[in-house]
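**Q**
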Amino acid sequence: MQPVVVPEPGGSVRVAGRRVTVGELASVIASADPASRWTWDDTNRWYPALLAAGVRVERAYDLRLAHRILRRSALATWPEPDDAEPGSWDTRPPAPLTSVRDEPAMLFPAPGPTDDVPEPDPVAELALQDAVVAGSAAAGRLRLLLAAESAGALAAVEMFHAGLPWLADVHDAVLTETLGPRPRLGERPARLEELAHHIRAALGAPATLNPDSPRDLLRAIERAGVGARSLRKWELERLDHPVVEPLLEYKSLYRLLTANGWAWLDAWVRDGRFRSEYVVGGVVTGRWASSGGGALQLPKSVRRAVVADPGWTFVVADAAQLEPRVLAAMAGDEVMAAAGRGPDGRGADMYEGIVASGAVPTRELAKVGMLGAMYGGTTGSSGQVLPRLAKAFPRSLAFVDEAARAGERGEIVTTHLGRSSPLPGATWHEAQSGAYQDDAGDDDVAKARSYARSWGRFTRNFVVQGTAAEWALCWLASIRRRLWALGVSSAPEASAGPVPVPFAGRPHLVFFVHDEIVVHTPADLADAVAAEVQAAAAEAGRLLFGDFPVQFPLSFAVAASYADAK
DNA sequence: GAAGATCGCGCG
DNA sequence: AAAGCGCGCGATCTTC
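The first sequence: position 485 = 485 (the UniProt record's numbering), numbered continuously.
Take a look at the structure:
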């Protein structure tokens, strides 16, 4: 059953043959067949209110997200030409989730469209999308991708709803230990003030030198003859000058203060939870982005503050060497896949496996070599081992090279399940045609070449990063379903804590970063959770690559604090 | 003074 | 302009 949620003027909703208020939608869904696939324009628009009412949706179909994929996929033919005027399915952004900065979440926000934009018809859009998918030679892959993307949208809203458990006092202790006590507004923390003195002394600079001003600092560094012409860490590190050590420490602490200091804590943590909005498909490759609080860049130093509720714990899992494994599978490279299985066939460290195959002498070289192959590296040790990798694993290396050449020609590339890359923009094409003008000089040719290579590195990486994101989506979707099936913990304290319905007493996802997940679970269910997460990885591998003998081993940790997970 | 560009660094 | 991908964010600096 695939009911469509159709918004109507005046704020009511037509769904499953009934006309109801938005407030009644939760009870309609709660009493419907749990296998229903609820189809709507935007998961962010409808799902928060359902969760607030305690109603979880098992399956959904997000027309906006699906549209964005289908419209560009090389595996599908969209009826309108590529250069047709973008409609509201292309341009309307997802509804913002209520952030902690804003007013408290309303139980049933009126999810009306902006007044001047007409409401697009979800029934017609669904029919169109179904026809486009059915007409594709790769309909199965596309259906999987659209289902996974939609399941991801559900998981993203659920993670926002549950929040990441966060102890503000632990965070504050971390800050106080490294920076000194919280200073008054506009003042520098004690430790930074101390380092600022050292920096000025080492440069022979006056007390007016402000190390927070890159321009002034660079000028002072030039005057002191340090020998750096930028303030980048990698450049400072190689210099021998007394300013280097205090400056590097200053920059590191300053970063902690500005990115994840007390102001961050005030803005983003409320009632023991960090809530960040995930932006599903927010990255061109299909990876998720985030908005608010920098959730995908949580520095290791503050992860101590991520602490499970009493009686609960975290199961943390990440996919080991996900991208090279995905590459091996997409390329049909049995030799590289075997390197990832190890001698006992049970998921070795893939880089060790590459060493064992005799291709390169050390794990470090295997790693930088594979990264170079997937990113388009040409220099240094990465560039040096590439020929040996190409000889040992010709299929995988040829696969990424072909993706790079397509990009250099200005063509589209496509992931395993059918997400296609964008075309290069006007500047790129101008640079290319510039090289063929009659008056083109060496620099025009060099510029065109440089642009072409750069786009080639993008498309080379796109196929790998994008397919890895598809594996991760399938993994996440499977975990989400399996966790729900585990049911409610019988431990009394599990249901008493701050975890909101519908997840009270139940293991649930609280964090996701590209190839890593964190499940917050009643402690008695941790082993069962780990087993399901493991099974989900195997399921994701089968969904994408069928019987191809590639393995996706996970590294696991069960810990009450995220900081103890690695 | 708002808006946009640039730098630099955190994460994968 | 760090060899080599993808992001978000804050601070400073620049422009209108």
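A virtual CB, placed ideally from N, CA and C, is assigned to each residue, including glycine. Because the structure is a prediction, the values reported are computed rather than measured.
Tell me which same chain residues have a C-beta within less than 6 Å of the C-beta of A348, skipping the five on either side of it?
**A** Stepping through the first sequence from its first residue, residue 348 is reached at position 348. Here the set comprises G342.
**Q** Which one or two residues does DSSP pair with I517 in a beta bridge?
**A** Locating residue 517 in the first sequence gives position 517, counting from the first residue. Note: I517 sits in a beta bridge opposite A317, F512.
**Q** Among the candidates P549, L509, R542, whose CA atom is the shortest distance from the CA of A155?
**A** Start at 1 with the first residue of the first sequence, and residue 155 comes out as number 155. Comparing Cα positions, the closest option is L509.
**Q** Start and end of the alpha helix (DSSP H) containing Y47?
**A** Indexing the first sequence from 1 puts residue 47 at position 47. Looking at the DSSP string, the run of the alpha helix (DSSP H) that includes Y47 is 43-52.
**Q** Please determine, among D42, A16, P424, the residue with the shortest C-alpha to C-alpha distance to S31.
**A** Locating residue 31 in the first sequence gives position 31, where the first residue counts as 1. Answer by Cα proximity: A16.
**Q** What separation, rounded to the nearest whole angstrom, lies between the Cα atoms of W428 and G23?
**A** Within the first sequence, numbered from 1, the residue matching residue 428 stands at position 428. Within the first sequence, numbered from 1, the residue matching residue 23 stands at position 23. Approximately 50 Å, taken between the alpha carbons.
**Q** My assumption, with CB atoms under 8 Å, is that T414 sits in contact with S88. Please give the rounded CB distance.
**A** Reading the first sequence from its first residue, position 414 is the one you call residue 414. Reading the first sequence from its first residue, position 88 is the one you call residue 88. Not quite, the Cβ-Cβ distance comes to about 25 Å (not below 8 Å), so this is no contact.
**Q** Since E85 is in the alpha helix (DSSP H), which residue starts that stretch and which ends it?
**A** Indexing the first sequence from 1 puts residue 85 at position 85. Neither: E85 is in no alpha helix (DSSP H) and is coded neither H nor E.
**Q** If you count every other CB in all the chains shown that lies within 10 Å of the CB of E222, and 16 or more means buried, which is it?
**A** In the first sequence, the residue the question calls residue 222 occupies position 222. The residue is exposed, with fewer than 16 neighbouring Cβ atoms inside 10 Å.
**Q** What is the DSSP secondary structure of W40, counted as helix, strand or coil?
**A** Position 40 of the first sequence holds residue 40. W40 falls in the strand class under three-state DSSP.
**Q** Leaving aside the five residues before and after L146 along the sequence, list all residues of the same chain whose C-beta is less than 6 Å from its C-beta, in chain order.
**A** As a first step, residue 146 is located in the first sequence; it is residue number 146 there, counting from the start. Same-chain partners within the cutoff: A66.
**Q** Measure the alpha-carbon distance for F552 versus R542 and round it to whole angstroms.
**A** Your numbering for residue 552 matches position 552 in the first sequence. Your numbering for residue 542 matches position 542 in the first sequence. Those two C-alpha atoms are separated by around 10 Å.
**Q** Round the Cβ separation of R71 and W78 to the nearest angstrom and send it over; I've been treating them as touching at under 8 Å.
**A** By one-based count along the first sequence, residue 71 stands at place 71. By one-based count along the first sequence, residue 78 stands at place 78. The pair is a contact, with the Cβ atoms about 5 Å apart (cut-off 8 Å).
**Q** Does the Cβ of F274 have 16 or more other Cβ atoms within 10 Å, making it buried, or fewer, making it exposed?
**A** For the purposes of this step, residue 274 is taken as the residue at position 274 of the first sequence. Label assigned to F274: buried.
**Q** Hey, how far is the Cα of A202 from the Cα of L239?
**A** By one-based count along the first sequence, residue 202 stands at place 202. By one-based count along the first sequence, residue 239 stands at place 239. About 14 Å.
**Q** Using a Cβ-Cβ cut-off of 6 Å (strictly less than) and excluding sequence neighbours within five positions of L50, which residues of its own chain qualify?
**A** By one-based count along the first sequence, residue 50 stands at place 50. Excluding residues within five positions, the ones whose Cβ falls inside 6 Å are A26.
**Q** When you compare only the Cα positions, how much space is there between A537 and A452?
**A** The count along the first sequence starts at 1 and reaches residue 537 at position 537. The count along the first sequence starts at 1 and reaches residue 452 at position 452. Going by the C-alpha atoms only, they are around 36 Å apart.
**Q** Excluding sequence positions up to five away, which residues of its chain have a Cβ less than 8 Å from the Cβ of V315?
**A** Locating residue 315 in the first sequence gives position 315, where the first residue counts as 1. Excluding sequence neighbours, V315 sits near P507, V518, V519, T521, A526, V529, A530, V533, F556, A557, V558.
**Q** Check L298 in the structure and name its three-state DSSP category.
**A** Within the first sequence, residue 298 is the residue found at index 298, counting from 1. Looking at L298 - three-state DSSP - the assignment turns out to be coil, as it is neither helix nor strand.
**Q** Could you please give the first and the last residue of the uninterrupted alpha helix (DSSP H) stretch that includes L195?
**A** Stepping through the first sequence from its first residue, residue 195 is reached at position 195. It spans 190-203 - the alpha helix (DSSP H) in which L195 sits, taken as one unbroken run.
**Q** Which term fits A127, buried or exposed, when burial requires 16 or more other beta carbons within 10 angstroms of its beta carbon?
**A** Taking the first residue of the first sequence as position 1, residue 127 is located at position 127. With fewer than 16 Cβ atoms within 10 Å of its Cβ, A127 is classed as exposed.
**Q** Could you please give me the residues that DSSP links to Y278 through a beta bridge?
**A** For the purposes of this step, residue 278 is taken as residue 278 along the first sequence, with counting starting at 1. S290, per the DSSP bridge assignment.
**Q** Give a yes or no on whether the C-beta atoms belonging to G410 and P424 are separated by under 8 Å.
**A** For the purposes of this step, residue 410 is taken as residue 410 along the first sequence, with counting starting at 1. For the purposes of this step, residue 424 is taken as residue 424 along the first sequence, with counting starting at 1. Taking 8 Å as the Cβ cut-off, G410 and P424 qualify as a contacting pair.
**Q** What three-state label does DSSP hand L423 in the structure shown?
**A** As a first step, residue 423 must be located in the first sequence, where it is residue number 423. If DSSP states are grouped into helix, strand and coil, L423 belongs with coil.
**Q** Three-state secondary structure (DSSP) at D121?
**A** Residue mapping note: residue 121 aligns to position 121 of the first sequence, counting from 1. D121: coil per DSSP, three-state reduction.
**Q** Compare the C-alpha of W312 against each of P502, W262, A494 and name the closest.
**A** Numbered from its first residue, the first sequence carries residue 312 at position 312. Closest option to W312, Cα to Cα, is A494.
**Q** DSSP state of Y351, grouped into three classes?
**A** Position 351 of the first sequence, counting from 1, holds the residue named residue 351. It is helical.
**Q** Tell me which residues share the same chain as P211 and place their Cβ nearer than 7 Å to its Cβ, disregarding the 5 neighbours each side in the sequence.
**A** Here residue 211 refers to the residue found at position 211 of the first sequence. Result list for P211: A196, I199, L217, Y250, in chain order.
**Q** Kindly give me the distance between the Cβ atoms of P310 and G497, rounded to whole angstroms, as I take these residues to be in contact under 8 Å.
**A** On the first sequence, residue 310 is found 310 positions in, with the first residue counted as 1. On the first sequence, residue 497 is found 497 positions in, with the first residue counted as 1. P310 to G497, Cβ: 7 Å. Contact.
**Q** Whole angstroms are fine: how far does the CA of L185 sit from the CA of M370?
**A** Within the first sequence, the letter at position 370 stands for residue 370. Within the first sequence, the letter at position 185 stands for residue 185. Whole-angstrom Cα-Cα distance: 47 Å.
**Q** Can you round the beta-carbon distance between D271 and D515 to whole angstroms, since I take them to be within the 8 Å contact cut?
**A** The sequence position of residue 271 within the first sequence is 271, counting from 1. The sequence position of residue 515 within the first sequence is 515, counting from 1. Not confirmed; about 29 Å, so no contact.
**Q** Quick one: grab the DSSP three-state call for F108.
**A** Working through the first sequence from its first residue, we reach residue 108 at position 108. Confidence at F108 is low in this model, with a pLDDT of 47, below 50, so its placement is unreliable and no value can be given for it.
**Q** With DSSP run on the structure shown, which of helix, strand or coil describes Y436?
**A** As a working mapping, residue 436 is identified with position 436 in the first sequence. Three-state result, Y436: coil.
**Q** Flag this pair as touching only if the region 320-328 and the region 390-407 have three or more C-beta atom pairs under 8 Å; answer yes or no.
**A** Short answer: they touch.
**Q** Since W475 contacts A426 with CB under 8 Å, what's their CB separation in whole angstroms?
**A** Translated into the one-based positions of the first sequence, residue 475 becomes position 475. Translated into the one-based positions of the first sequence, residue 426 becomes position 426. That pair is no contact at about 38 Å.
**Q** Count Cβ pairs between the region 274-289 and the region 461-471 that sit closer than 8 Å; are there 3 or more?
**A** The answer is yes - the region 461-471 touches the region 274-289, with three or more Cβ pairs under 8 Å.
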